[in-house]
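Just below is one structure, and these are the notes that go with it.
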Amino acid sequence: MDCCALGSARLLFPGYLRIALLWFVHLGAFAQHAPECHPGGHQILRNSYRSVDFDSTEIQNTAIQDLICDHSLLPGWYRFRINNKPAEMPTTCVEMNRCGTQAPVWLSLKDASLPRAGEVRQLSACATWQFFHGSAKDCCLFRIPVTVRNCGEFLVYYLQPTQGCMGYCAKVAPDLGPRFCPPGEVEVNGRCKAAIPSPSLPSRPVITPELIGQSVHLRCSFIPPLSSQQLGFQVVWARHIGHSMKAEIRQESTLKPFSLAEMDGVHFRLGETFSCIVSTFRANSSNGRSPPKESESFYAGLKFSSDSLHIAENSKEHEVTVHSTVPIPCYGLDHGHQCGVPLALSVHDPDSLGQEASNVVLSACQVTVQDVPTSICYSLTDPHVITLDGRRYENHQTGTFVLYRSLVREFEVHSRQWDCGSRHYAVACNCGVAVREGNEIAVFDMCNGQPQESRPQLTLKNLGDREGSRVRVLESHQGKKVTLIFPSGAFVRADVGDWGMSLSVRVPSVDYSNTQGLCGTFDRNGNNDFHSSDGHVFGPDDLLSFIENWSLSQADLENLAYFFPEDHLAEARPEVQPQWPTPSGLTSAKALEVCQIALANSTVGAVCRGLLGRRLDEAVDLCILDLQLKD
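Heads up: the sequence shown is residues -31 to -1, 1 to 600, going by mature numbering (1 follows the signal peptide of the UniProt record, and there is no 0).
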């Protein structure tokens, strides 16, 4: 009958209006043909707790059994109503503890828009969650498929049960006129006309903090545009979640050129970032709202200044300033007294199992650590030494040596070597290391025993007034790899075996061009690594003189903790000159094959060849030399 009525009256309407009306009727009829659009084709969710404006913390504290948990919701088509008004799922992130639940579910339009009248579309719903207070909120931690049908006058949703105690959110549908008017148009006396927007704000709103009584408030101020009609302002307060998401927390309409929000500790909390979005509308009409303008983000709380810091790994102190972006109210203090917020520095210790609790939230401060030139010296038993500048040599002497000494700070490393039992050659191995940085002393020693019988003992001392040691000790591989980390960033690592230990010494950039000892000069010039304590450079054929120069003197030996016979040998041990084949018949070709299989062709060697480069070839060479000496 409606079609006949239109048909009999069609000559009374202008052509463009007739087309619009026919299009609307056909589209509405098509939408209504979908069974889920009929009253019996869907169910209605009426619980007013589902509103985005409802704070779930109220029932969590008083009637937790009333929390909305849609994990038992039957799959099917649903329509929302809030307080007997048509409602729809919100399409922007919803804050936690809203909608009568802890994890509110909202409809994401990231991948697709809402369907037009008569259409159906597959979309995704998102659940908001935050694992613990102070951590980043995730607006879309869980995704749930949702099918949306536009029935012309309302939307219906095919909902699935949620994965846990989550709840689908609803928001009262805006009354913006009939749905058949295209975007940017509104209905006026039954006809679609272009909406005339209100004038926009001439500038962005600004958020400033202020103290009203004893309460901290945020004020969103804006300059009204010039207009011949009275204007109203819609102000939306939003909380920033992560880098790209915002959650609407309050919306109001006002005739004043500002909006106040109290830092109540619930919706507006210290340690979070806010913005306000303002649009204008004519006070006598809800249509024609202006494009919104958003303020700069405002962090409310204690903030680092600046919010980034560039530091180098050189043990120097760096200063940061902390200031409050909001007033700090003072209670019950006489004039002349200062009040403030006490701060305590807490250093994260990954080995600690304690839980630190603090009611002070600071803004983020991005710290960029600049990698500066460092280097590592190796004394790999038997021992093969690789200096800080990459020069390689063999030290088969026994005794106690200065492995490394800094000339710009109090840092020194001594190594001790014993005979480690080659059947045919005088081969030496590291059996202990002693390190001093300032007043911190660390000794890792197995020399007061016998090879293959004794285990190293670790001793830490502080020569100053401070109790305890600031040297960090890391152990792995059942105590066979021990790393001593010093406050400057330097570390000494010992890889322990039955015959002794291999040592690695990493030094910070502050020592660059200011080092002495068997590890060389650390100036990227390997030619001057063989040097004496007075700066004399030994030639490549004078290796023994270089090594003896860094053997501890007899005066220094008198102060050692125990007698070490190798420190008192009358003469140097003979130079090692191994030959092929070895006494047991091992050839150089066979030794190369064994070392290639063990190192270069191993899984790690194959994967890391590009990273290791020539170091892998050096490792193969050292492996061959070890086989030659110890076979």
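Glycine is no exception: its CB is placed at the ideal position from the N, C-alpha and C atoms.
Here the structure is a predicted model, which is why all the values come from computation and not from measurement.
Who are residue 422's beta bridge partners in DSSP?
Numbered from 1 along the sequence shown, position 453 holds the residue referred to as residue 422. Beta-bridge partners assigned by DSSP to residue 422: none are found.
Please state if the CB of residue 271 and the CB of residue 291 are separated by a distance shorter than 8 Å.
As a first step, residue 291 must be located in the sequence shown, where it is residue number 322. As a first step, residue 271 must be located in the sequence shown, where it is residue number 302. Result yes, Cβ atoms of residue 291 and residue 271 sit closer than 8 Å.
Relative to the C-alpha of residue 517, which candidate in 496, 451, 415, 365 has its C-alpha closest?
Position 548 of the sequence shown, counted from the start, is the residue given in the question as residue 517. Residue 517 has its Cα closest to that of 365, out of 496, 451, 415, 365.
Would you kindly report the start and end of the unbroken alpha helix (DSSP H) that includes residue 577?
Residue numbering aside, residue 577 sits at position 608 when the sequence shown is read from its first letter. For residue 577, the uninterrupted alpha helix (DSSP H) run begins and ends at 572 to 581, by DSSP.
What are the residues that DSSP puts in a beta bridge with residue 46?
Here residue 46 is taken as the residue at index 77 of the sequence shown, counted from 1. Here residue 46 is bridged, per DSSP, to 127.
Throw me the rounded Cβ distance for the residue 373 and residue 479 pair, which I believe falls under 8 Å.
Stepping through the sequence shown from its first residue, residue 373 is reached at position 404. Stepping through the sequence shown from its first residue, residue 479 is reached at position 510. Their Cβ separation, rounded to whole angstroms, is 14 Å, which puts residue 373 and residue 479 out of contact at 8 Å.
Got a sec, what are the start and stop residues for the alpha helix (DSSP H) residue 515 sits in?
In the sequence shown, counting from the first residue as 1, residue 515 sits at position 546. Run containing residue 515: 512 to 518, per the alpha helix (DSSP H) assignment.
Among 453, 268, 9, the one whose alpha carbon lies nearest that of residue 208
By one-based count along the sequence shown, residue 208 stands at place 239. Closest in alpha carbon position to residue 208, among 453, 268, 9, is 268.
Between the region 109 to 118 and the region 16 to 31, are three or more C-beta pairs nearer than 8 Å?
As far as the Cβ criterion goes, the region 109 to 118 does not touch the region 16 to 31, which means the pair count is below three.
Closest to residue 6 by CA distance: which of 87, 33, 72 is it?
Here residue 6 is taken as the residue at index 37 of the sequence shown, counted from 1. Ranking the options by Cα distance to residue 6, first place goes to 87.
Apart from the five residues just before and just after residue 252, which ones in its own chain have a Cβ nearer than 8 Å to its Cβ?
Numbered from 1 along the sequence shown, position 283 holds the residue referred to as residue 252. Here the set comprises 198, 199, 200, 201, 224.
Whole-angstrom Cβ separation of residue 249 and residue 168, contact assumed at under 8 Å?
For the purposes of this step, residue 249 is taken as residue 280 along the sequence shown, with counting starting at 1. For the purposes of this step, residue 168 is taken as residue 199 along the sequence shown, with counting starting at 1. The distance from the Cβ of residue 249 to that of residue 168 is about 6 Å, consistent with a contact at the 8 Å cut-off.
Please tell me whether residue 397 and residue 389 are closer than 8 Å, where the distance is taken between their beta carbons.
As a working mapping, residue 397 is identified with position 428 in the sequence shown. As a working mapping, residue 389 is identified with position 420 in the sequence shown. Residue 397 is a Cβ neighbour of residue 389, given a cutoff of 8 Å.
Check residue 201 in the structure and name its three-state DSSP category.
Within the sequence shown, the letter at position 232 stands for residue 201. Three-state DSSP puts residue 201 in a strand.
Which residues bound the beta strand (DSSP E) around residue 563?
Counting from 1 along the sequence shown, the entry for residue 563 is found at position 594. Element bounds for residue 563: not the beta strand (DSSP E) but the alpha helix (DSSP H), 557 to 564.
For residue 173, which of helix, strand or coil comes out of DSSP?
On the sequence shown, position 204 is the one that residue 173 refers to. Residue state, collapsed to three classes: coil.
Which residues in the same chain as residue 439 place their Cβ atom closer than 7 Å to its Cβ, once the five residues preceding and following it in sequence are excluded?
Here the question's residue 439 lines up with position 470 in the sequence shown. For residue 439, same chain residues with a beta-carbon under 7 Å away, outside a window of 5 residues either side, are 409, 456 in chain order.
Locate the alpha helix (DSSP H) running through residue 26, then write down its first and last residues.
Counting from one through the sequence shown, the residue named residue 26 turns up at place 57. It spans 26 to 31 - the alpha helix (DSSP H) in which residue 26 sits, taken as one unbroken run.
Who are residue 94's beta bridge partners in DSSP?
As a working note, residue 94 is residue 125 in the sequence shown. Residue 94 is bridged to 76, 113.
Determine, using beta carbons only, whether residue 490 comes closer than 8 Å to chain D.
Of the chains in the structure shown, none is chain D; there is only one protein chain.
Could you name the residues of the same chain whose beta carbon sits closer than 6 Å to that of residue -2, not counting the 5 residues immediately before and after it, in chain order?
As a first step, residue -2 must be located in the sequence shown, where it is residue number 30. Residue placement at residue -2 is poorly supported in this model, since its pLDDT is 44, which falls under 50; the coordinates are not used for a value here.
Across the region 352 to 370 and the region 450 to 464, are there enough close Cβ pairs to call them in contact, namely three or more that are closer than 8 Å?
Flag = no, the region 352 to 370 and the region 450 to 464 do not touch.
Could you give the first and the last residue of the continuous beta strand (DSSP E) run that contains residue 343?
Walking along the sequence shown from the start, residue 343 turns up at place 374. Counting along the chain, residue 343 falls outside any beta strand (DSSP E), and DSSP gives it neither H nor E.
In whole angstroms, what separates the C-alpha of residue 184 from that of residue 298?
Position 215 of the sequence shown holds residue 184. Position 329 of the sequence shown holds residue 298. For residue 184 and residue 298, the distance between alpha carbons rounds to 7 Å.
Among residues of its own chain, excluding the 5 on either side of residue 344, which ones have a beta-carbon nearer than 8 Å to its beta-carbon?
Along the sequence shown, read from residue 1 onward, the residue named residue 344 stands at position 375. Answer for residue 344: 357, 358, 475, 476, 491, listed in chain order.
In the DSSP assignment, what residue or residues form a beta bridge with residue 119?
Reading the sequence shown from its first residue, position 150 is the one you call residue 119. 124, per the DSSP bridge assignment.
For residue 413 and residue 445, I'd like the C-alpha separation in whole angstroms.
The residue labelled residue 413 in the question sits at position 444 within the sequence shown. The residue labelled residue 445 in the question sits at position 476 within the sequence shown. One alpha carbon belongs to residue 413, the other to residue 445, and they sit about 15 Å apart.
Between which two residues does the beta strand (DSSP E) holding residue 18 run?
Residue mapping note: residue 18 aligns to position 49 of the sequence shown, counting from 1. Note, residue 18: premise wrong, no beta strand (DSSP E); not H, not E.
Based on the DSSP output, what are the partners of residue 337 in its beta bridges?
Position 368 of the sequence shown holds residue 337. Paired residue(s): 279.
Looking only at its own chain, which residues have a Cβ that is under 8 Å from the Cβ of residue 296, when we skip the five neighbours before and after it?
Within the sequence shown, numbered from 1, the residue matching residue 296 stands at position 327. Counting only Cβ-Cβ distances below 8 Å, and skipping sequence neighbours, we find 178, 179, 180, 185.
Report the rounded CA-to-CA distance for residue 206 versus residue 235, giving the unit in angstroms.
Walking along the sequence shown from the start, residue 206 turns up at place 237. Walking along the sequence shown from the start, residue 235 turns up at place 266. About 14 Å.
Leaving out five residues on either side along the sequence, give the residues of the same chain with a beta carbon under 7 Å from the beta carbon of residue 424.
Position 455 of the sequence shown, counted from the first residue, corresponds to residue 424. Excluding residues within five positions, the ones whose Cβ falls inside 7 Å are 415.
Contact under 8 Å by Cβ, residue 602 with residue 245:
Past the edges of the chain, shown from -31 to 600, lies residue 602, and the structure says nothing about it.
From 279, 508, 486, pick the residue whose C-alpha is nearest to that of residue 384; which is it?
Here residue 384 corresponds to residue number 415 of the sequence shown, with the count starting at 1. Nearest C-alpha to residue 384: 486.
State the DSSP-derived secondary structure class of residue 463, mapped to helix, strand or coil.
Translated into the one-based positions of the sequence shown, residue 463 becomes position 494. Collapsing the DSSP output to three states places residue 463 in a strand.
Just to confirm the assignment: which complete beta strand (DSSP E) runs, minimum length 3, are found wholly within the region 437 to 485?
DSSP assignment within the region 437 to 485 yields the following whole beta strand (DSSP E) runs of 3 residues or more, N-terminal first: 441 to 445, 450 to 454, 460 to 466, 469 to 476.
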